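Enquirer:
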Amino acid sequence: MLRCSIERNRRQVCTAPLLLGLIGCMALAGCGKDRSLHEIEKEKRSLDALYLTAETGKEITAPATKGVFVDEETGELCFPAYMCANPDCPGKKSGDRPFLFIHRDVLLRAGPGGKVVCDEIPPGKDPVEFIKSRGGFLAPTCPACWKVRKARSETPAQKQQFIDWARPYTFPETAKRVEELEQEYQQRRKSR
Ligand SMILES: [Zn+2]
Numbered sequence: 017m018l019r020c021s022i023e024r025n026r027r028q029v030c031t032a033p034l035l036l037g038l039i040g041c042m043a044l045a046g047c048g049k050d051r052s053l054h055e056i057e058k059e060k061r062s063l064d065a066l067y068l069t070a071e072t073g074k075e076i077t078a079p080a081t082k083g084v085f086v087d088e089e090t091g092e093l094c095f096p097a098y099m100c101a102n103p104d105c106p107g108k109k110s111g112d113r114p115f116l117f118i119h120r121d122v123l124l125r126a127g128p129g130g131k132v133v134c135d136e137i138p139p140g141k142d143p144v145e146f147i148k149s150r151g152g153f154l155a156p157t158c159p160a161c162w163k164v165r166k167a168r169s170e171t172p173a174q175k176q177q178f179i180d181w182a183r184p185y186t187f188p189e190t191a192k193r194v195e196e197l198e199q200e201y202q203q204r205r206k207s208r
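Terminal number for the sequence shown in this note's numbering: 208, no gaps in between.
(1) Residues in its own chain within less than 8 angstroms of A126 by CB, not counting five upstream and five downstream?
(2) Going along the chain, which residues put their C-beta within less than 6 angstroms of some heavy atom in ligand 1?
(3) Buried or exposed for R208, going by 16 or more other Cβ atoms inside 10 Å?
(4) Roughly how many angstroms lie between the CA atoms of A182 and P103, to the nearest whole one?
(5) State buried or exposed for P156, treating a residue as buried only when at least 16 other CB atoms are found within 10 Å of its CB.
(6) State yes or no: is the C-beta of P66 within less than 8 angstroms of the C-beta of Y201?
(7) So, helix, strand or coil for A80, using DSSP?
(8) Pairs of beta-carbons, one from the stretch 156 to 165 and one from the stretch 115 to 123, closer than 8 angstroms: are there three or more?
(9) Looking at the structure shown, is L53 part of a helix, part of a strand, or coil, going by DSSP?
(10) Could you tell me which residues DSSP puts in a beta bridge with E75?
(11) Between which residues of its own chain and K109 is the CB-CB distance below 8 angstroms, once the five residues before and five after are set aside?
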């Protein structure tokens, strides 16, 4: 019994590097040029994206394609993170990361059972006015900049500048991987 167990352990020890090697080869094959375009697209969709909860700004990492969802822990809605590229953004703290915020769809709310519920715009109401009345914005808007902006006296070019500064946030490692996958995709297409 004991010998059998020792023997088994020994075998496991011996096969472990072999197995690891095999997994390594499989992983390499998975990243190689033999992957289909579909598989490359699939990996791209599964890459990590940052989401923030609507009330407390809790950060959650989930696949980029998840869309708006309800955080089980807080019961809050989660939206994809945006960043403010304004070099003078008042929300920017020291460090590499820009100020992050969400473009909240004010018609959505967390419903029972963790479902996302969409409210209807009441008949006869102007959609733009209704969204504004709920504190929403039509375009992604940095809340930190908004606090100090004099929106009423801004020129169209100034308004556009703030719109251009509000960009979807991408993790640096995700951005790097997307670039690699795009190259792989193009190479794969050429070799078809
Ligand atoms: Zn800002």
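In this text, a Cβ means the ideal position worked out from N, Cα and C, and glycines have one as well.
Just so you know, these numbers come straight off a predicted model, no measurement behind them.
Expert: The answer reads as follows:
(1) The residue labelled residue 126 in the question sits at position 110 within the sequence shown. Counting only Cβ-Cβ distances below 8 angstroms, and skipping sequence neighbours, we find V86, G91, E92, L93, V132 and V133.
(2) Checking every Cβ against the heavy atoms of ligand 1 under 6 angstroms gives C100, N102, C105, G107, F115, C158, A160 and C161.
(3) As a working note, residue 208 is residue 192 in the sequence shown. Burial call: exposed.
(4) Taking the sequence shown and counting its residues from 1, one reaches residue 182 at position 166. Taking the sequence shown and counting its residues from 1, one reaches residue 103 at position 87. Whole-angstrom Cα-Cα distance: 12 angstroms.
(5) The residue labelled residue 156 in the question sits at position 140 within the sequence shown. Here P156 is buried. Its C-beta has 16 or more other C-beta atoms within 10 Å.
(6) Position 50 of the sequence shown, counting from 1, holds the residue named residue 66. Position 185 of the sequence shown, counting from 1, holds the residue named residue 201. Note on residue identity: the sequence assigns Leu, not Pro, to residue 66. Remark: C-beta atoms of L66 and Y201 do not approach each other more closely than 8 angstroms.
(7) For the purposes of this step, residue 80 is identified with residue 64 of the sequence shown, where counting begins at 1. Residue state, collapsed to three classes: helix.
(8) Taking 8 angstroms as the limit for Cβ pairs, the verdict is that the stretch 115 to 123 does touch the stretch 156 to 165.
(9) Here residue 53 refers to the residue found at position 37 when the sequence shown is read from its first residue. Three-state DSSP puts L53 in a helix.
(10) For the purposes of this step, residue 75 is taken as the residue at position 59 of the sequence shown. E75 pairs with L68.
(11) What you label residue 109 is simply residue 93 of the sequence shown in a count that begins at 1. Answer for K109: F115, listed in chain order.
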